[in-house]
Amino acid sequence: MTNITRKDFLNGIAWTAGAAMLPAAVTRALESGPDASAEEYFLSQGIGPSDPRYYPPALTGMRGSHPGSFETGHALRDGTHWDEVGAASETGEHYDLIVVGGGISGLSTAYFFRKLRGPKSKILILDNHDDFGGHAKRNEFTVGGKTLIGYGGTQSIEALSLYTPEAMGLLRELGIDIQRFEKYYDQNFRRSHGLRASCFFDRGAFGVDKLCAQRADSVHFGTPTDPHDLEAFLAAAPLAEQAKRDLRRLHFEKVDYLAGKSAAQKKAVLEHISIKTFLEQHAHVHADVVKYYQQRTHGLFGVGIDAVPALSGLWFMPEGVKTGLALSDESGEMGAEPYIYHFPDGNASIARMLVRALVSGAAPGSTMEDIVTARMNYAALDQASSGVRIRLNSTAVRVKHVGDPAKAEAVDVVYVNAGKAHRVRGAKVVLACWNVVIPYLCPEMPQAQREGLAYCVKVPLVYGTVAIQNWNSLKRLGAGTVYCPASYFSEVNMDFPVSIGSYHYTQTPDDPCLIHLVRTPCKPGLSTKEQHRAGRAELFTTPFETFEHHVRDQLGRMFAAGGFDPARDIRGITINRWPHGYAYDYSTLWDPQWLEGQAPHLIGRKPFGRIAIANADSGAVAETSSAIEQALRACREVLAMPS
Ligand SMILES: Cc1cc2nc3c(=O)[nH]c(=O)nc-3n(C[C@H](O)[C@H](O)[C@H](O)COP(=O)(O)OP(=O)(O)OC[C@H]3O[C@@H](n4cnc5c(N)ncnc54)[C@H](O)[C@@H]3O)c2cc1C
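Residue 500 in my numbering sits at position 380 of the sequence shown, and the numbers go up by one each step.
Now the structure itself:
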């Protein structure tokens, strides 16, 4: 394997031919020295959203909650903030609505508000990131002259039954026709290229690095359903013989591991034990089986099988377990609908369509097809002439009624942009930021409400997007989606095969493509919330170089037998770090059974004076549908307040 050093490989961008294809600002960032990031370059050169060179989706290196997005918020949390920024200057701006948070919930709030109140509404959206969309983040790369579009967060339109008619109506009004994905998503791509669902056994835990095919159709979360696939997998897998016998049993012997109990009793048991406990104490499997499943739940729950209730994990249990227990699938949606409702940049396309609808001149076009390759005009986002303004790189630090919250006619919002505090005034405010931030913004909220908001701990996770110059090695190995039970990244997948409008997914193995990696930092043995806190601390202290090292090391070991050479084949890396990721979903293992209306997120999201609360957190569901639904609720609440 060719060696590649930090000097050759700077902030995710291979410092060779590919750099010539990069936007000029990023290229110059690279030229400015080995320690400068494109982000720092933007800042040092004063390139803000009004500059035509400003184009965050093309930035690589550390993205997600990127450097520059969270420091002000953390200083506010630590009580050091006001010493640093001083008094706020008056902007003199006055809005009908100020929205804090420019994710899908904040953007939807603005959309609903304008729709319900009228097109003359004046709205300001503040967001602390350099791009809008929140978790719905677009990653772009240019390799060999071809633009590759990937997603750095919110992946797909999923769990369609969770969409209320209004939420689905919003997607339709934006121009999204869900059925068209059936044509745009090439459901035969992986099979036609022999790309299978595989498992990578890591030498650290299993004694040897080994990539083993699991099933032919390469579905997400693939686990063998065919006895031949299972036998081939077990023949190659570096597992103890007893573990192999146990896996055969779990898959194909219909055993009721909770025999003698009614369905309700079984559910009660499974709600209060982890998947790990179920496997160890009820299915009595060999330790290798537990090791094999340990990270299976990472991508969805942010923790391993030690902290996921067995009932919630039933969906990925082998057929023999499910049929033996004879319970309906509690996860309902999982596996029931095809996982194909995916734009190349994930739900960032929804955010981009919302912005296009809100701000005139923000993007050309009008369809779900043309949004994919449309270049956003960031300079249009914050124009005085526009009814809706989106102000990026702006962290709200204070949201305070002008006078008594019960009688006030306005709310002042102070935000920090480039180290300076500014004050704007709004008739109403919707906080579509993260719940945990709100008590710091509004310390005068009732204590019970602040406690409700602070209760939930968002799930930390990392989405890595890696551009490779061709995928010949993956084709040779027949690996399309890979589950990694004990590696740094728990999932390594070729990007979804979606072609929309003028954007075409890679067609031949000689073409460049994107690889998607998932890591959820957690600490088995602790409660879910403690694991999330520990994971978040890890993310904030892990430098890009560490992620880069693991990307190159893991991909190198996984695909070496196919001829993959990280130094030659990797053309760009973006690490989307989300220390505050998924909204917290209560766990039957750790959270009490709340009385009706008493769940912390319900107490936390009550309107306060002229302030309402949106964001997926306020629905306690980490889904786009929740972000939209909560936006509509918050919007109706502010509209019901006196004007
Ligand atoms: C990695 C990842 C993958 C996901 N995949 C899916 C998926 O496939 N399908 C799905 O339906 N859902 C998915 N989700 C859930 C996703 O969170 C929601 O779908 C939705 O995007 C959340 O939108 P939101 O506006 O509620 O929150 P966010 O997107 O988090 O937006 C809130 C915004 O407020 C900003 N903010 C916070 N504090 C301040 C402040 N003080 N001042 C200014 N701005 C502030 C934040 O930085 C952020 O930009 C995923 C989430 C993550 C993290």
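For glycine and all other residues, C-beta sits at the position ideal for the given N, C-alpha and C.
Is residue i helix, strand or coil when you go by DSSP?
i      : result
Lys520 : strand
Met182 : strand
Glu210 : strand
Lys330 : strand
Lys303 : helix
Ser318 : strand
Met714 : Per the sequence shown, residue 714 should be read as Trp rather than Met. Reduced to three states, the DSSP call for Trp714 is coil.
Leu637 : strand
Tyr702 : strand
Arg543 : strand
Thr443 : helix
Val205 : helix
Glu529 : coil
Val671 : helix
Asp216 : strand
Arg365 : helix
Arg311 : helix
Glu351 : helix
Run the proximity test for residue i: is its beta-carbon closer than 6 Å to any non-hydrogen atom belonging to ligand 2?
i      : result
Asp615 : As for ligand 2, it is missing from this structure, which binds only ligand 1.
Given a cut-off of 7 Å, decide if residue j and residue i are closer than it, judged by their beta-carbon atoms.
i      : j      : result
Val536 : Val517 : yes
Ala528 : Gly212 : no
Pro429 : Glu391 : yes
Leu512 : Asp329 : no
Val638 : Ser610 : yes
Arg476 : Ala483 : yes
Ser225 : Asn696 : no
Lys540 : His700 : no
Pro580 : Gly424 : no
Leu359 : Asp408 : yes
Tyr608 : His670 : yes
Tyr461 : Ser276 : yes
Gly440 : Phe372 : yes
Ser506 : Val544 : no
Ala740 : Glu757 : no
Thr515 : Thr267 : no
Pro648 : Ser593 : In the sequence under discussion, the amino acid at residue 648 is Thr, which differs from the Pro named in the question. Not in contact: Thr648 and Ser593 (Cβ atoms no closer than 7 Å).
Pro464 : Ile167 : no
Arg316 : Ala287 : no
Gly692 : Phe261 : yes
Leu629 : Gly264 : In the sequence as presented, Leu is not what sits at residue 629; that position holds Pro. Not in contact: Pro629 and Gly264 (Cβ atoms no closer than 7 Å).
Report, in whole angstroms, the separation of the C-beta atoms of residue i and residue j, which I expect to be a contact under 8 Å.
i      : j      : result
Thr274 : Gly466 : 5 Å
Val550 : Val519 : Contact flag wrong, Cβ pair sits at about 10 Å.
Leu501 : Ile510 : 4 Å
Ile243 : Phe233 : 6 Å
Lys411 : Ala355 : The pair is not a contact, with the Cβ atoms about 19 Å apart (cut-off 8 Å).
Ala742 : Tyr702 : 4 Å
Asp376 : Leu290 : About 44 Å; that fails the 8 Å criterion.
Gly422 : His652 : 7 Å
Gly253 : Thr487 : The Cβ separation is near 19 Å, so there is no contact.
With a threshold of 6 Å, establish whether the CB of residue i neighbours any heavy atom of ligand 1.
i      : result
Ser276 : yes
Ala736 : yes
Ser505 : no
Asp247 : yes
Cys553 : yes
Ser225 : yes
Trp698 : yes
Glu743 : yes
Tyr623 : no
Val586 : no
Does any residue of chain B bring its CB to less than 7 Å from the CB of residue i?
i      : result
Tyr608 : Annotation note: the requested chain B is absent from the structure, which comprises a single protein chain.
Can you list, in chain order, the stretches of the beta strand (DSSP E) that have 3 or more residues and sit fully within the region 258-297?
258-263, 266-271
Where in the region 722-763 do unbroken runs of the alpha helix (DSSP H), each at least 4 residues long, occur, reported from the N-terminal end onward?
744-760
To test your reading of the DSSP string, which unbroken alpha helix (DSSP H) runs of 4 or more residues are found completely within the region 377-419?
383-391, 407-413
Starting from the N-terminal side, write out each stretch of the beta strand (DSSP E) that is 3 residues or longer and does not extend beyond the region 457-513.
508-511
Go through the region 554-598 residue by residue and report every complete run of the beta strand (DSSP E) that reaches 3 residues or more, in order.
579-588
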